[in-house]
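Student: Have a look at this one.
There are 2 protein chains.
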Amino acid sequence: MDDRVAIPQDEFSQLTFDVFMRGCVSRETMEHITGRWGVLVMVALHEGTYRFNALRRRVDGVSEKMLAQTLQALERDGLVHREAEPTIPPKVEYSLTPLGAQAATRLLDLIEWLEGEMPAVMEARARHDQARGDHRTT
Amino acid sequence: MDDRVAIPQDEFSQLTFDVFMRGCVSRETMEHITGRWGVLVMVALHEGTYRFNALRRRVDGVSEKMLAQTLQALERDGLVHREAEPTIPPKVEYSLTPLGAQAATRLLDLIEWLEGEMPAVMEARARHDQARGDHRTT
DNA sequence: GGTTAGTACTAACTAATAGATAGCGCCAAC
DNA sequence: GTTGGCGCTATCTATTAGTTAGTACTAACC
Numbered sequence: 173m174d175d176r177v178a179i180p181q182d183e184f185s186q187l188t189f190d191v192f193m194r195g196c197v198s199r200e201t202m203e204h205i206t207g208r209w210g211v212l213v214m215v216a217l218h219e220g221t222y223r224f225n226a227l228r229r230r231v232d233g234v235s236e237k238m239l240a241q242t243l244q245a246l247e248r249d250g251l252v253h254r255e256a257e258p259t260i261p262p263k264v265e266y267s268l269t270p271l272g273a274q275a276a277t278r279l280l281d282l283i284e285w286l287e288g289e290m291p292a293v294m295e296a297r298a299r300h301d302q303a304r305g306d307h308r309t310t
Numbered sequence: 173m174d175d176r177v178a179i180p181q182d183e184f185s186q187l188t189f190d191v192f193m194r195g196c197v198s199r200e201t202m203e204h205i206t207g208r209w210g211v212l213v214m215v216a217l218h219e220g221t222y223r224f225n226a227l228r229r230r231v232d233g234v235s236e237k238m239l240a241q242t243l244q245a246l247e248r249d250g251l252v253h254r255e256a257e258p259t260i261p262p263k264v265e266y267s268l269t270p271l272g273a274q275a276a277t278r279l280l281d282l283i284e285w286l287e288g289e290m291p292a293v294m295e296a297r298a299r300h301d302q303a304r305g306d307h308r309t310t
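Chain order of the listed sequences is X and L.
Per the working numbering, the very first residue in the first sequence carries number 173; after that it's consecutive.
Per the working numbering, the very first residue in the second sequence carries number 173; after that it's consecutive.
Quick look at the structure:
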């Protein structure tokens, strides 16, 4: 068990990252965690460990392809841990890494706030649609 | 000036919202604020008021179409306020509503955390790509 | 013992969506 | 008078998401 190519702790630590810059890797990672399925996967895994198909049932509407793709991206970014038992049939468990857990708490905070404020959003929508509809008096 | 169809304060307040349910409106709104451009627009507007093209320059890489579309969705959801002066040339200013500001602080928290942790993400990626690359020894 | 269902995926194809480009009517600056 | 800026929208194409079928095997049911 060698420790392969040593990655010095500070190889990337000098760099500055800015999500507002097109092409910055931080924007890429942001899209992984704030993407349509990224948020839901992260928040689901915050509840605990899930197997692939259980996660698919939890995240209603996700296709197998997109779930696999999302998990692979999150795993590469070090946010999700994949534990595979090479049995037959295969058993693969997904969980959050410590880093992923930090992201997940922030996402959870956001979506819990959102769910609580949805009545306000619905009212805003109703007002908006009303106004739009009105000045088009037949 | 009648006050149109009164929208009772509690018309939507009994309903429960769950982003994990396919087809729930809360998921729709979530996608508006966590979408690729939604996050960046919200965080930019947290810095202050922007005009359309100034915002377009701030959010590097966004197309006119997507910026317009994103702003319209956020406005309808009551997160962004649009103030248009009907002068020539037109002057349109975008800002956050109080509701939008609440969402924006949470998004800001997330992206600031992310930018700070990007070195960890980069290291995770390097480790991951290494491992993948390795067991394909030419 | 043969059918059905489940496991974790990938490959191939199609539907939806994002992005690029051009145009609008008008004005200010060079 | 030509160029560029304002805030968009319409049209067309490139990218991406979603759907379906298949893999190799087991466990449960009739």
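Positions of the beta carbon are idealized from the N, C-alpha and C atoms, including for glycine.
All of these numbers come straight from a predicted model, not from anything done at the bench.
1) What do you reckon, are the CB atoms on Thr188/L and Val293/X nearer than 8 Å?
2) Quick check on DSSP: helix, strand or coil for Glu255/L?
3) Relative to the C-alpha of Ala240/L, which candidate in Arg278/L, His204/L, Thr269/L has its C-alpha closest?
4) Could you give the distance in angstroms between the alpha-carbon of Val215/L and the alpha-carbon of Ala303/L?
5) What residues in its chain sit with their C-beta under 8 Å from that of Ile283/L, if we drop five residues either side in the sequence?
6) In the DSSP assignment, the beta strand (DSSP E) including Ser267/X goes from what residue to what residue?
7) Tell me which residue opens and which closes the alpha helix (DSSP H) that Leu227/X is part of.
8) Could you list which residues in chain X have their beta carbon closer than 7 Å to that of Met342/L, in chain order?
9) Quick one: list the residues of chain L neighbouring His218/X, beta-carbon separation under 8 Å, in chain order.
10) Residues of chain L with CB under 7 Å from Gln241/X, in chain order?
11) With H, G and I counted as helix, E and B as strand and the rest as coil, what does DSSP make of Trp285/X?
12) In terms of residues, what are the limits of the alpha helix (DSSP H) holding Ser198/L?
13) Does the Cβ-Cβ distance between Trp285/L and Gln274/X come in under 8 Å?
14) For Arg297/X and Arg297/L, what's the separation of their Cα atoms in angstroms?
15) With distances taken Cα to Cα, identify the nearest neighbour of Leu271/X among His253/X, Pro258/X, Arg208/X.
16) How is the alpha helix (DSSP H) around Glu247/X delimited, first residue to last?
17) Which value, in whole angstroms, describes the spacing of the CA atoms of Asp301/X and Arg248/L?
18) Going along the chain, which residues of its own chain have a beta-carbon closer than 7 Å to the beta-carbon of Glu265/X, five neighbours each way excluded?
19) Starting from the beta carbon of Thr206/X, find every residue of chain L whose beta carbon is closer than 7 Å, and list them in chain order.
20) Going by beta-carbon coordinates alone, are Phe192/X and Glu295/L separated by less than 8 Å?
21) Could you list which residues in chain X have their beta carbon closer than 7 Å to that of Ser198/L, in chain order?
Tutor: Result, derived from the coordinates:
1) If you number the second sequence from 1, residue 188/L lands on position 16. If you number the first sequence from 1, residue 293/X lands on position 121. No, they are not a contact pair.
2) Sequence index remark: in the second sequence, residue 255/L carries index 83 (1-based). In the structure shown, Glu255/L sits in a strand (DSSP, three-state: E or B).
3) Sequence index remark: in the second sequence, residue 240/L carries index 68 (1-based). Measuring from the Cα of Ala240/L, the nearest candidate turns out to be His204/L.
4) The residue given as residue 215/L occupies position 43 in the second sequence. The residue given as residue 303/L occupies position 131 in the second sequence. Distance between the alpha carbons of Val215/L and Ala303/L: 36 Å.
5) Position 111 of the second sequence holds residue 283/L. Closer than 8 Å at the Cβ level, and outside the excluded window around Ile283/L, lie Val211, Val215.
6) Residue mapping note: residue 267/X aligns to position 95 of the first sequence, counting from 1. Taken as a continuous stretch (DSSP letters only), the beta strand (DSSP E) holding Ser267/X covers 263-268.
7) Your numbering for residue 227/X matches position 55 in the first sequence. Residues 224-230.
8) The structure shown has nothing for residue 342/L, since chain L only spans 173 to 310.
9) Position 46 of the first sequence, counted from the first residue, corresponds to residue 218/X. Within chain L, no residue comes near His218/X; the closest Cβ sits about 12 Å away, beyond 8 Å.
10) As a working mapping, residue 241/X is identified with position 69 in the first sequence. By Cβ distance, chain L contributes nothing, its closest Cβ being about 15 Å from Gln241/X, past 7 Å.
11) Translated into positions along the first sequence, residue 285/X becomes position 113. Helix at Trp285/X.
12) Here residue 198/L refers to the residue found at position 26 when the second sequence is read from its first residue. Looking at the DSSP string, the run of the alpha helix (DSSP H) that includes Ser198/L is 197-206.
13) Counting from one through the second sequence, the residue named residue 285/L turns up at place 113. Counting from one through the first sequence, the residue named residue 274/X turns up at place 102. Yes, the pair counts as a contact, with Cβ atoms nearer than the cut-off.
14) Within the first sequence, numbered from 1, the residue matching residue 297/X stands at position 125. Within the second sequence, numbered from 1, the residue matching residue 297/L stands at position 125. Between Arg297/X and Arg297/L, the C-alpha separation is close to 41 Å.
15) Within the first sequence, the letter at position 99 stands for residue 271/X. With distances taken between Cα atoms, Leu271/X lies closest to His253/X.
16) Counting from one through the first sequence, the residue named residue 247/X turns up at place 75. 236-248 is the span of the alpha helix (DSSP H), which, as asked, contains Glu247/X.
17) If you number the first sequence from 1, residue 301/X lands on position 129. If you number the second sequence from 1, residue 248/L lands on position 76. Cα to Cα, Asp301/X sits roughly 8 Å from Arg248/L.
18) Along the first sequence, read from residue 1 onward, the residue named residue 265/X stands at position 93. So the qualifying residues of the chain are Thr221, Arg223, Glu255.
19) Here the question's residue 206/X lines up with position 34 in the first sequence. Correct list: Thr206, Val211.
20) By 1-based counting over the first sequence, the position of residue 192/X is 20. By 1-based counting over the second sequence, the position of residue 295/L is 123. Not a contact, by the Cβ cut-off of 8 Å.
21) Counting from one through the second sequence, the residue named residue 198/L turns up at place 26. The answer, in chain order, is Leu286, Glu287, Met290.
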